[in-house]
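Take the sequence shown: its position 269, counted from the start at 1, is 269 in my numbering, and no numbers get skipped.
To keep things clear, I will list the structure first and then write my remarks on it.
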Amino acid sequence: MEAVNRWIAGSVVVKIIYCLFSLEFCESSLLYRVFKKISGFVAGAYKGCFFANLFRSEPWEKEAVARSRFFKMLLRPVILCTGLRDILNSAIENSFCYRFAGSAVIDFVGQPFRTSSLVFTPAILTYTALKVLFSGLSSEDLMISLSIMAVLVPGYFINLPLSAVVSGSGFIRTARWVAWNADIDVPEVDKRQPGTLYAVLGAVLGALYFALPNITFVKLTGLIGLGLLIYMKPSLGVYIVAFILPLVPTLYSIALIGLTFAAMLLRIDKGGFGIPTGAVPAALFLASAAMAAVFSVTRGESLKILPIYVAYFMAFLVFSYFCRDRRVLKTALLFQIASTVGISLYGIYQYYFVKKPTSIAWLDFRLFPEVSTRVYATLENPNVLAEYLVFVIPVVMAFMWAEARTIRKAVFGGLLGVIVLCLILTLSRGGWLGLALAVVIFAAVADRRLFIVLLVLALVSPLFLPQVIINRVASIGSLEDSSNAYRVTIWVASLRMLRDYWLTGLGLGLQAFSRVYRDYMIAGTPALHSHNFYLQLGIEMGVLGLVSFLWFTATVLNGAGRVFRGHRKAWAALLAAGIAGAVSGHLFHGLFDHVWFSPRIGLAFWEMTGILSALIATAGTEKAPFEGGGS
């Protein structure tokens with residue numbers, strides 16, 4: 001590996017790149033001097049204005065909460081619940097299920113083959129026997145059962161720990177090398193003989209698999225198993241949520257967030273939580289959502305949607321607490337990058353191999369007759385996929401930029417290329433604009449030489465980009481595009497709705513919007529939502545919801561700015577710049593679309609702001625994530 005590093009560092013191409021983008025070369029260039037003049041003028045105009053003083057003011061939330069009689073009154077039940085929490089913890093940790101689960105984890109890590117054989121061989125036998133007795137067993141099912149047992153039974157005689165099994169895997173070695181210093185180590189445990197209770201557990205599992213529908217069996221066993229594992233190691237819930245968010249329906253992510261939040265409340269150290277940056281406006285936002293649901297024009301439907309907003313708040317608290325730990329933060333982000341690369345590859349596969357026809361609702365075929373496919377991977381539509389990718393791309397840039405080793409930079413650069421290519425194939429103009437803003441913000445913090453790179457790419461991109469991409473970029477803002485004209489008509493109608501429902505909102509959810517919108521729509525233009533995130537928030541939740549959300553975003557972005565100024569060039573600053581850029585790009589995209597149309601995107605927003613809150617809380621301390629340089 002060292003030889004490869006030396007070969008790359010000594011190559012002519014790399015030396016030319018270093019020369020062109022060296023600090024001395026860039027600072028002496030005309031483009032850099034022009035940019036410096038413009039940025040100096042903007043900074044001078046901004047300095048001293050009301051918003052500058054507001055955003056630069058020191059955080060006051062923690063002190064205000066500590067002095068507030070109202071919050072002291074609210075904390076009294078929490079203090080009384082501390083004793084109940086201790087009782088619950090004691091009951092759980094002394095229960096047979098918890099102790100057995102702990103032993104099972106140790107046995108699986110210490111002897112995975114033997115433990116698996118003891119559990120699943122009786123499970124297959126029990127299932128096969130019940131099948132024969134009550135419903136009959138076909139020859140095909142019998143052969144499958146015998147084949148599985150033929151694999152499981154020899155495993156009882158294999159006495160290897162899990163660390164020995166995975167240590168020789170090339171994939172595992174590569175993952176550990178890329179994710180150095182992440183929380184992915186397999187612990188060493190003492191060897192012990194797995195107990196016979198595993199055979200009983202296997203028999204019970206076999207009987208349940210026979211009696212229950214397959215999906216019900218998976219949900220039941222998954223809920224019990226994950227609940228116990230997350231209670232034992234709550235950060236595991238953070239990793240799973242970060243990984244599965246773009247892959248599975250929202251309900252599963254919300255269930256895992258709920259389990260992790262419950263584990264956090266039960267296992268949190270006394271006085272160890274504190275008040276995260278942004279917690280007060282986030283709580284006010286949740287309260288306004290509850291009020292909007294109560295006063296909704298479709299109260300029943302809005303109350304069904306309210307748990308999603310509760311999950312948003314829980315996701316913010318969970319990530320803001322657990323991501324204060326450096327290893328947990330890095331591991332969660334690496335899991336998110338891994339799943340994002342997976343869906344990006346799937347999106348690329350959709351474009352080049354599946355070529356599924358694009359819905360007529362996603363494109364103006366009069367202006368773009370050459371377009372046949374817009375990719376959406378595992379998400380609802382191309383715009384939703386673009387919104388998710390914009391969250392992750394700046395984070396990958398932060399990893400790549402902070403990495404000291406050339407090979408690791410190249411690995412993250414390759415992953416970045418895959419995700420950016422998928423974003424391009426979504427043909428989402430809002431996503432492209434959001435990414436542009438995110439990259440500009442990251443460049444302003446990480447290295448202003450990146451502006452030179454961005455400008456060069458913008459100038460030469462017409463030479464290699466397909467004509468359809470150029471046409472989509474050129475159509476931004478054009479009223480000849482039916483999509484743009486359609487949005488303007490809906491915005492006018494939505495502003496009229498906001499004028500009449502500004503106080504309490506008309507209620508959460510698209511059904512409430514649809515019921516009222518038909519009385520305001522112009523020229524018979526139908527719409528599921530307002531195609532503007534801020535209009536949608538104001539219409540659904542009233543002025544309190546909109547103001548509390550703007551307050552929340554200003555608070556966390558202001559905190560990110562303090563991290564930039566206080567820890568420039570450190571990992572914390574680069575990561576905060578990437579996430580702040582991602583959040584800003586998301587908010588900019590919200591000017592043109594309802595970016596929380598998919599609750600998965602809403603969860604991603606609150607996850608990212610929770611991580612920003614964690615970075616703000618730990619900046620300047622010994623536990624600051626990635627403080628002091630490369631990973």
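Beta carbons are placed, not taken as given, at the ideal position from N, Cα and C, and that holds for glycine.
None of the values given here were measured: they were computed from a predicted structure.
Practice item. Output the boundary residues of the alpha helix (DSSP H) element that contains Q511. Key: Locating residue 511 in the sequence shown gives position 511, counting from the first residue. Where Q511 is concerned, the enclosing alpha helix (DSSP H) stretches over L510 to Y517.
**Study point:** 6 Å Cβ shell around A293 - same chain, five flanking residues per side excluded
**Key:** Stepping through the sequence shown from its first residue, residue 293 is reached at position 293. The answer, listed in chain order, is S302, L303, L306 and L508.
Point to revise | the stretch 509 to 524 touching the stretch 535 to 550, judged by at least three CB pairs closer than 8 Å | key: yes
Check your understanding: With contact counted as at least three CB pairs below 8 Å, one residue from each stretch, are the stretch 600 to 610 and the stretch 441 to 459 in contact?
Key -> no
Check your understanding: What is the rounded straight-line gap between the Cα of H589 and the Cα of A438?
Key -> Residue numbering aside, residue 589 sits at position 589 when the sequence shown is read from its first letter. Residue numbering aside, residue 438 sits at position 438 when the sequence shown is read from its first letter. One C-alpha to the other measures close to 11 Å.
Exercise for review: For S116, collect the residues of the same chain with a Cβ closer than 8 Å to its Cβ; drop the 5 residues on either side in sequence, then sort them by chain order.
Suggested key: As a working mapping, residue 116 is identified with position 116 in the sequence shown. Here the set comprises F108, L152 and G155.
**Study point:** Sequence-distant residues of the same chain with beta carbon closer than 7 Å to T504, five excluded per side
**Key:** The residue labelled residue 504 in the question sits at position 504 within the sequence shown. Answer for T504: M291, A292, F295 and G542, listed in chain order.
**Study point:** Whole-angstrom distance between A123 and F552, CA atom to CA atom
**Key:** For the purposes of this step, residue 552 is taken as the residue at position 552 of the sequence shown. For the purposes of this step, residue 123 is taken as the residue at position 123 of the sequence shown. For F552 and A123, the distance between alpha carbons rounds to 51 Å.
Check your understanding: Of the choices L546, S145, I393 and L433, whose alpha-carbon is the least far from that of G417?
Key -> If you number the sequence shown from 1, residue 417 lands on position 417. Ranking L546, S145, I393 and L433 by Cα distance to G417 puts I393 first.
Check your understanding: With 16 other CB atoms within 10 Å as the buried threshold, where does D86 fall?
Key -> For the purposes of this step, residue 86 is taken as the residue at position 86 of the sequence shown. The residue is exposed, with fewer than 16 neighbouring Cβ atoms inside 10 Å.
Point to revise | With 16 other Cβ atoms within 10 Å as the buried cut-off, status of P382 | key: Position 382 of the sequence shown holds residue 382. That one is buried.
Review point. V395 by DSSP, collapsed to three states: which one?
Key: Translated into positions along the sequence shown, residue 395 becomes position 395. DSSP places V395 in helix when its eight states are reduced to three.
Check your understanding: With DSSP run on the structure shown, which of helix, strand or coil describes R374?
Key -> One-based indexing of the sequence shown puts residue 374 at position 374. Coil.
Review point. Helix or strand or just coil, what does DSSP make of Y351?
Key: For the purposes of this step, residue 351 is taken as residue 351 along the sequence shown, with counting starting at 1. DSSP places Y351 in helix when its eight states are reduced to three.
**Study point:** the ligand FAD heavy atom lying under 6 Å from the CB of V492
**Key:** Absence of the ligand FAD from the depicted structure is noted, as is the absence of any ligand whatsoever, leaving it without description.
Check your understanding: Would you call the CB atoms of T221 and G237 closer than 7 Å?
Key -> Taking the sequence shown and counting its residues from 1, the one referred to as residue 221 is at position 221. Taking the sequence shown and counting its residues from 1, the one referred to as residue 237 is at position 237. Contact flag unset, no.
Review point. For F365, which of helix, strand or coil comes out of DSSP?
Key: Position 365 of the sequence shown, counted from the first residue, corresponds to residue 365. Bear in mind that the predicted position of F365 carries a pLDDT of just 49, short of 50, making it unreliable; the figure below should be weighed with that in mind. F365 falls in the coil class under three-state DSSP.
Review point. Which same chain residues, not among the five before or five after G545, have their C-beta less than 6 Å away from its C-beta?
Key: Position 545 of the sequence shown, counted from the first residue, corresponds to residue 545. Around G545: S288 and L537.
Check your understanding: S613: buried (16+ other C-beta within 10 angstroms of its C-beta) or exposed?
Key -> Taking the first residue of the sequence shown as 1, we reach residue 613 at position 613. Under this definition S613 is a buried residue.
Review point. Using CA coordinates, which residue listed in L223, T426, L205 and A573 is at the minimum distance from V563?
Key: For the purposes of this step, residue 563 is taken as the residue at position 563 of the sequence shown. Of the candidates L223, T426, L205 and A573, the one whose C-alpha sits nearest the C-alpha of V563 is A573.
Check your understanding: G347 and A377 look like a contact to me (Cβ under 8 Å); what is the Cβ gap, rounded to whole Å?
Key -> If you number the sequence shown from 1, residue 347 lands on position 347. If you number the sequence shown from 1, residue 377 lands on position 377. Rounded, the Cβ-Cβ distance is 4 Å, consistent with contact.
Point to revise | F100 - containing alpha helix (DSSP H), residue span | key: Translated into the one-based positions of the sequence shown, residue 100 becomes position 100. Looking at the DSSP string, the run of the alpha helix (DSSP H) that includes F100 is F96 to G110.
Point to revise | Residue from V440, W596, N89 and V445 with nearest C-alpha to L266 | key: Residue mapping note: residue 266 aligns to position 266 of the sequence shown, counting from 1. The option with the nearest alpha carbon to L266 is N89.
Exercise for review: Just the C-alpha distance for L495 and W502, rounded to the nearest angstrom, thanks.
Suggested key: Taking the sequence shown and counting its residues from 1, one reaches residue 495 at position 495. Taking the sequence shown and counting its residues from 1, one reaches residue 502 at position 502. Approximately 10 Å, taken between the alpha carbons.
Practice item. Select from V516, M497, I522 and L457 the residue whose C-alpha is nearest the C-alpha of Y486. Key: Taking the sequence shown and counting its residues from 1, one reaches residue 486 at position 486. Closest by alpha carbon: I522.
Review point. Can you tell me the Cα-Cα spacing of C422 and S344, whole angstroms?
Key: Numbered from 1 along the sequence shown, position 422 holds the residue referred to as residue 422. Numbered from 1 along the sequence shown, position 344 holds the residue referred to as residue 344. Between C422 and S344, the C-alpha separation is close to 5 Å.
Review point. Three or more beta-carbon pairs under 8 Å between the stretch 580 to 595 and the stretch 403 to 413, yes or no?
Key: no
Point to revise | Alpha-carbon to alpha-carbon, S598 and E380 | key: Locating residue 380 in the sequence shown gives position 380, where the first residue counts as 1. Locating residue 598 in the sequence shown gives position 598, where the first residue counts as 1. One C-alpha to the other measures close to 7 Å.
Check your understanding: What do you get for R408, buried or exposed, if any count of 16 or more other CB atoms within 10 angstroms of its CB means buried?
Key -> Translated into the one-based positions of the sequence shown, residue 408 becomes position 408. The residue in question, R408, is buried, as its Cβ has 16 or more Cβ neighbours within 10 Å.
Exercise for review: Please classify R405: does DSSP put it in a helix, a strand, or coil?
Suggested key: In the sequence shown, the residue the question calls residue 405 occupies position 405. Correct three-state label for R405: coil.
Check your understanding: Using the rule of at least 16 other Cβ atoms within 10 Å of the residue's Cβ for burial, across every protein chain shown, is N214 buried or exposed?
Key -> The residue you call residue 214 lines up with position 214 of the sequence shown. Answer is exposed; the Cβ neighbour count stays below 16.
Review point. Under a Cβ-count criterion, where at least 16 other Cβ atoms within 10 Å of its own Cβ denotes burial, should V119 be classed as buried or exposed?
Key: On the sequence shown, residue 119 is found 119 positions in, with the first residue counted as 1. Buried, because 16 or more other Cβ atoms sit within 10 Å of the Cβ of V119.
Check your understanding: Considering only residues of the same chain and omitting the five flanking positions on each side of F217, which have a CB-CB separation below 7 Å?
Key -> Mapped onto the sequence shown, residue 217 falls at position 217. Counting only Cβ-Cβ distances below 7 Å, and skipping sequence neighbours, we find L208 and Y209.
Check your understanding: Quick one, which of G602, I579 and F316 has its alpha-carbon nearest A282's?
Key -> On the sequence shown, residue 282 is found 282 positions in, with the first residue counted as 1. The shortest C-alpha separation from A282 is found at F316.
Practice item. Return the chain-ordered list of same chain residues with a C-beta closer than 6 Å to the C-beta of A398, the five sequence neighbours on each side being excluded. Key: Within the sequence shown, residue 398 is the residue found at index 398, counting from 1. L574, L575 and G578.
Check your understanding: Do M314 and I268 have their CB atoms nearer than 7 Å?
Key -> Sequence index remark: in the sequence shown, residue 314 carries index 314 (1-based). Sequence index remark: in the sequence shown, residue 268 carries index 268 (1-based). No, they are not a contact pair.
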